[in-house]
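Undergrad:
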Amino acid sequence: MHDPSLLLDVLFLLLAAILVVPLFQALRIPAVLGYLVAGAILGPHTPGPVVDLAVPQVLSEFGVVFLLFAIGLELPVSRLRAMRHYIFGLGLMQVGLTSAAIGTAAWMLGLAPEASMIIGGMLAFSSTATVLKLLVERGETVARFGRISVAVLIFQDLAVVPLLTLLPLLADPDASIPLALALAGVKAVAAILLIMLLGRFVVRPAYRFIASAGNPELFTATNLFVVLAVGWLTAEAGMSMALGAFLAGMLLADTAYRHQVEADIEPFRGLLLGLFFMTVGMSLDLPAMLEEAQAIAALTAALLVGKSLLLFLLCRLSGLGVATSLRIGLLLSQGGEFAFVLIGKAVGLAVLDGHTGLLLSSSVALSMAVTPAIGALAQRLAQAMEARMGAEAFGIETSDLKSHVLIAGYGRVGKAVARLLTEHDIPYVALDLEPQRIAAARADGLPVYYGDASQASVLRAAGIERARAAVITLNRPEASQRAVEAIHDAAPSLPIIARAHDLGQSATLVEAGASAIVPETMEASLQLAGLVLRSAGIDAAAIESSLKSCRDGNYGALAELARKD
Numbered sequence: 001m002h003d004p005s006l007l008l009d010v011l012f013l014l015l016a017a018i019l020v021v022p023l024f025q026a027l028r029i030p031a032v033l034g035y036l037v038a039g040a041i042l043g044p045h046t047p048g049p050v051v052d053l054a055v056p057q058v059l060s061e062f063g064v065v066f067l068l069f070a071i072g073l074e075l076p077v078s079r080l081r082a083m084r085h086y087i088f089g090l091g092l093m094q095v096g097l098t099s100a101a102i103g104t105a106a107w108m109l110g111l112a113p114e115a116s117m118i119i120g121g122m123l124a125f126s127s128t129a130t131v132l133k134l135l136v137e138r139g140e141t142v143a144r145f146g147r148i149s150v151a152v153l154i155f156q157d158l159a160v161v162p163l164l165t166l167l168p169l170l171a172d173p174d175a176s177i178p179l180a181l182a183l184a185g186v187k188a189v190a191a192i193l194l195i196m197l198l199g200r201f202v203v204r205p206a207y208r209f210i211a212s213a214g215n216p217e218l219f220t221a222t223n224l225f226v227v228l229a230v231g232w233l234t235a236e237a238g239m240s241m242a243l244g245a246f247l248a249g250m251l252l253a254d255t256a257y258r259h260q261v262e263a264d265i266e267p268f269r270g271l272l273l274g275l276f277f278m279t280v281g282m283s284l285d286l287p288a289m290l291e292e293a294q295a296i297a298a299l300t301a302a303l304l305v306g307k308s309l310l311l312f313l314l315c316r317l318s319g320l321g322v323a324t325s326l327r328i329g330l331l332l333s334q335g336g337e338f339a340f341v342l343i344g345k346a347v348g349l350a351v352l353d354g355h356t357g358l359l360l361s362s363s364v365a366l367s368m369a370v371t372p373a374i375g376a377l378a379q380r381l382a383q384a385m386e387a388r389m390g391a392e393a394f395g396i397e398t399s400d401l402k403s404h405v406l407i408a409g410y411g412r413v414g415k416a417v418a419r420l421l422t423e424h425d426i427p428y429v430a431l432d433l434e435p436q437r438i439a440a441a442r443a444d445g446l447p448v449y450y451g452d453a454s455q456a457s458v459l460r461a462a463g464i465e466r467a468r469a470a471v472i473t474l475n476r477p478e479a480s481q482r483a484v485e486a487i488h489d490a491a492p493s494l495p496i497i498a499r500a501h502d503l504g505q506s507a508t509l510v511e512a513g514a515s516a517i518v519p520e521t522m523e524a525s526l527q528l529a530g531l532v533l534r535s536a537g538i539d540a541a542a543i544e545s546s547l548k549s550c551r552d553g554n555y556g557a558l559a560e561l562a563r564k565d
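Next up, the structure:
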């Protein structure tokens, strides 16, 4: 080691994270705030050890890159297509109107038009890293408001491209802004098309070859290379590395390697993302912030209130429910990590003065720091609203869902089915008539709604015509039969898997239109018999063969009845 001070800086960073973050988590304070505090402790503006910001700042940028890659893995093209209304509709309106509103306010406060334009653009963005980390920690990425929040964040990342291109042009009075933006747009489209072609004809075949080698280290190295190479390609095209990483993740989202890739990059993502938040904390000039505390607090409050109110109104105009709009508006009200990059470049190009840059960076950092508390507040307000008004109409909540599974009944069996669907990233909508059960599920952000699955209007609201299958887990035979009949009438070709108590009820459900039946008493007896045979030393293959023969014999009549029907 040629530079012992570098090793010492690394040790201080690790020690601060080890001591502070677990303490915050033990106090049930989100880890994001712990990383910010740990970074502030090691910054040049607080007593104690000071870590050189240069090295961790370079590494921390990759935290956002890996985070966007992981998000891309969760968004195959089919899901992105389903979200296009919110990405290019709500996302575009949010960025455009928020930029215009904040820019106009800055201009009215006496700032130059160029500075006002940049301020409006940079403050329109939200913190992808902060919001997504909160959603992942709470398991809310599959919730309605979580999916729409991700859609808006995706468009914000796309919008960074023209703003980064615009910034140096504003500093050069002789530059042609329309021509430069058009050139940047052409480069962006070309880079995206090139990435898609490389993914189809190079990356996927390469993964098949690497996977066949059976070398875990080589597979991990391939993942890192793909993320960094695609990020470099988009950076060379004038876009952000984070956008390239997101596209790289999308390339692999529909492949069989997705889950292994996600597991391999998880340690890198978590560590580098934590380092990113620490560098944000280290950059905070606490003495200067204390001197301008009132101005920073006022600016932060105006940012949080203004953005949340505007986004709430846009969500309502987009047809979203009140509680969902409230959660999205509050969750995306903070400033974003790209603001720090833009502020630094703007100050360096003299588009912004140093004092304005300090106020803006401090306000953005403060807004990111309070985001966990705002997210918790949004959750409580939404829950209280739904408890008072009832669950929002799930016709609105599920309007963008396609290829989902409808679960009729969210009792013990329904919960087990929903849990397995979630593990395999298959969306679902569950209907139940037990208010307490529904309230508990809604409190956890789960798509469980009050509704009778035997009513055609309820089935239409749940998107039965867009579903891939229906599962009937109701405990009462009459209710199960009515639900199967209604679903079969509403969607005759839809697969319907139903739970039955015995073979007698199974035949009834098949006549009603069920595609497959699972008789509980028969399955329980077969499982018990299998355990007895195993304890008697019978070979596992022989046991499975016997169970299969028994199932075929008992279910044969049901299958024949279903074919005749």
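Numbering (full-length UniProt numbering), first residue to last: 1 to 565. Glycine is no exception: its CB is placed at the ideal position from the N, C-alpha and C atoms. Here the structure is a predicted model, which is why all the values come from computation and not from measurement.
Three-state secondary structure (DSSP) at A470?
TA: Position 470 of the sequence shown, counted from the first residue, corresponds to residue 470. Note: A470 maps to strand in three-state DSSP.
Undergrad: In chain order, what residues of the same chain lie with their CB nearer than 8 Å to the CB of L194, ignoring the 5 residues before and after it?
TA: Taking the sequence shown and counting its residues from 1, one reaches residue 194 at position 194. Excluding sequence neighbours, L194 sits near L233.
Undergrad: Around the Cβ of K133, are there at least 16 other Cβ atoms within 10 angstroms (buried) or fewer (exposed)?
TA: On the sequence shown, residue 133 is found 133 positions in, with the first residue counted as 1. Buried, since its Cβ has 16 or more Cβ neighbours within 10 Å.
Undergrad: Going by C-alpha to C-alpha distance, which of M250, E423, L303, G414 sits closest to D432?
TA: Position 432 of the sequence shown, counted from the start, is the residue given in the question as residue 432. For the residues M250, E423, L303, G414, the minimum Cα distance to D432 belongs to G414.
Undergrad: Below 8 Å on the Cβ atoms is my guess for I497 versus A408; work out the distance and round it to an integer in Å.
TA: Your numbering for residue 497 matches position 497 in the sequence shown. Your numbering for residue 408 matches position 408 in the sequence shown. Incorrect: roughly 10 Å between the Cβ atoms, too far for contact.
Undergrad: Rank P519, E520, S546 by C-alpha distance to the C-alpha of V532 and give the top, closest one.
TA: In the sequence shown, the residue the question calls residue 532 occupies position 532. That would be S546, whose Cα lies nearest to the Cα of V532.
Undergrad: Cutting at 7 Å between CB atoms, please list the residues of its own chain near I328, excluding the five before and the five after it.
TA: Reading the sequence shown from its first residue, position 328 is the one you call residue 328. Cβ neighbours of I328 beyond the five flanking positions: F145, I148, S149, L311, C315.
Undergrad: Return the chain-ordered ranges of every beta strand (DSSP E) run that is complete within the segment 336-422 and spans a minimum of 3 residues.
TA: 405-408
Undergrad: Alpha carbon to alpha carbon, how far is P49 from V10?
TA: Within the sequence shown, the letter at position 49 stands for residue 49. Within the sequence shown, the letter at position 10 stands for residue 10. So the alpha carbons of these two residues sit roughly 12 Å apart.
Undergrad: Nearest to residue 575 by alpha carbon, out of A483, T300, H488?
TA: Any property of residue 575 remains undetermined from this structure, which presents the chain solely from 1 to 565.
Undergrad: Output the distance between the C-alpha atoms of G390 and A441, rounded to the nearest integer angstrom.
TA: The residue labelled residue 390 in the question sits at position 390 within the sequence shown. The residue labelled residue 441 in the question sits at position 441 within the sequence shown. With a pLDDT of 47 at G390, under the threshold of 50, the modelled position of this residue cannot be trusted, and the question is left open.
Undergrad: I need the DSSP call for V458, collapsed to helix, strand or coil.
TA: Reading the sequence shown from its first residue, position 458 is the one you call residue 458. It is helical.
Undergrad: By how many angstroms is the C-alpha of S333 removed from the C-alpha of L92?
TA: By 1-based counting over the sequence shown, the position of residue 92 is 92. By 1-based counting over the sequence shown, the position of residue 333 is 333. So the alpha carbons of these two residues sit roughly 16 Å apart.
Undergrad: Going by C-alpha distance, which of A171, G411, E423 is nearest Y449?
TA: Within the sequence shown, the letter at position 449 stands for residue 449. Closest option to Y449, Cα to Cα, is G411.
Undergrad: Note the first and the last residue of the continuous alpha helix (DSSP H) segment covering D489.
TA: Taking the sequence shown and counting its residues from 1, the one referred to as residue 489 is at position 489. Its alpha helix (DSSP H) spans residues 477-490.
Undergrad: With respect to the beta strand (DSSP E) encompassing R499, which residues constitute its N-terminal and C-terminal limits?
TA: Your numbering for residue 499 matches position 499 in the sequence shown. Taken as a continuous stretch (DSSP letters only), the beta strand (DSSP E) holding R499 covers 496-500.
Undergrad: Would you list the residues sitting across from I426 in a DSSP beta bridge?
TA: Taking the sequence shown and counting its residues from 1, the one referred to as residue 426 is at position 426. Its beta-bridge partners do not exist; DSSP assigns none.
Undergrad: Would A469 and P427 be called neighbours here (beta carbons separated by less than 8 Å)?
TA: Reading the sequence shown from its first residue, position 469 is the one you call residue 469. Reading the sequence shown from its first residue, position 427 is the one you call residue 427. Result no, Cβ atoms of A469 and P427 do not sit closer than 8 Å.
Undergrad: Specify, as a first and last residue, the run of the beta strand (DSSP E) that P49 falls within.
TA: By one-based count along the sequence shown, residue 49 stands at place 49. It is not in any beta strand (DSSP E) - P49 carries neither H nor E in the DSSP assignment.
Undergrad: On the three-pair Cβ rule with 8 Å, is the segment 59-72 touching the segment 245-265?
TA: yes
Undergrad: Just list the residues that DSSP pairs A431 with in beta bridges.
TA: Within the sequence shown, residue 431 is the residue found at index 431, counting from 1. Contrary to the premise, residue 431 reads as Leu rather than Ala in this sequence. Beta-bridge pairing links L431 to A408, Y449.
Undergrad: Roughly how many angstroms lie between the CA atoms of L286 and L228, to the nearest whole one?
TA: For the purposes of this step, residue 286 is taken as residue 286 along the sequence shown, with counting starting at 1. For the purposes of this step, residue 228 is taken as residue 228 along the sequence shown, with counting starting at 1. Whole-angstrom Cα-Cα distance: 34 Å.
Undergrad: What residues in its chain sit with their C-beta under 7 Å from that of L349, if we drop five residues either side in the sequence?
TA: As a position in the sequence shown, residue 349 is number 349, starting the count at 1. So the qualifying residues of the chain are L167, P168, A171.
Undergrad: Answer with buried or exposed for A253, where buried requires no fewer than 16 other C-beta atoms within 10 angstroms of its C-beta.
TA: Indexing the sequence shown from 1 puts residue 253 at position 253. Looking at its Cβ environment, which holds 16 or more other Cβ atoms inside 10 Å, A253 is buried.
Undergrad: Mind checking which residues open and close the beta strand (DSSP E) that includes A516?
TA: As a working mapping, residue 516 is identified with position 516 in the sequence shown. Per DSSP, A516 belongs to the beta strand (DSSP E) from 516-519.
Undergrad: Output yes or no for whether 8 Å exceeds the beta carbon distance between L331 and I343.
TA: Position 331 of the sequence shown holds residue 331. Position 343 of the sequence shown holds residue 343. Cβ distance not < 8 Å, so L331 and I343 don't count as in contact.
Undergrad: From A124, E137, E140, pick the residue whose C-alpha is nearest to that of F155; which is it?
TA: Sequence index remark: in the sequence shown, residue 155 carries index 155 (1-based). Among A124, E137, E140, the Cα nearest to that of F155 is on A124.
Undergrad: Evaluate contact between the segment 289-303 and the segment 352-362, counting only Cβ atoms and requiring at least three cross-stretch pairs below 8 Å.
TA: yes
Undergrad: Could you tell me the distance, in whole angstroms, from the CA atom of G445 to the CA atom of H424?
TA: If you number the sequence shown from 1, residue 445 lands on position 445. If you number the sequence shown from 1, residue 424 lands on position 424. Their Cα atoms are separated by approximately 18 Å.
Undergrad: Does Q481 pass the burial test, meaning 16 or more other C-beta atoms within 10 Å, or should it be called exposed?
TA: As a working note, residue 481 is residue 481 in the sequence shown. So Q481 ends up on the buried side.
Undergrad: Secondary structure at F125, three-state DSSP: helix, strand or coil?
TA: Against the sequence shown, residue 125 aligns to sequence position 125. Coil.
Undergrad: Please classify V32 as buried or exposed, where buried requires at least 16 other C-beta atoms within 10 Å of its C-beta.
TA: In the sequence shown, residue 32 corresponds to position 32, counting from 1. Buried, because 16 or more other Cβ atoms sit within 10 Å of the Cβ of V32.
Undergrad: Who are the Cβ neighbours of P519 in its own chain at under 6 Å, not counting the five residues just before and after it?
TA: In the sequence shown, counting from the first residue as 1, residue 519 sits at position 519. Closer than 6 Å at Cβ, skipping near neighbours: A500, D502, L503, S506.
Undergrad: My understanding is that L303 touches S367, with C-beta atoms under 8 Å, so please give their C-beta distance in whole angstroms.
TA: Residue 303 sits at position 303 when you count from the first residue of the sequence shown. Residue 367 sits at position 367 when you count from the first residue of the sequence shown. Indeed, because the Cβ distance is near 6 Å, the residues count as touching under 8 Å.
Undergrad: Would you mind reading off the limits of the alpha helix (DSSP H) that contains I41?
TA: Here residue 41 corresponds to residue number 41 of the sequence shown, with the count starting at 1. 31-41 is the extent of the alpha helix (DSSP H) around I41.
Undergrad: Would you mind stating whether E478 and A512 have Cβ atoms separated by less than 8 Å?
TA: As a working mapping, residue 478 is identified with position 478 in the sequence shown. As a working mapping, residue 512 is identified with position 512 in the sequence shown. No.
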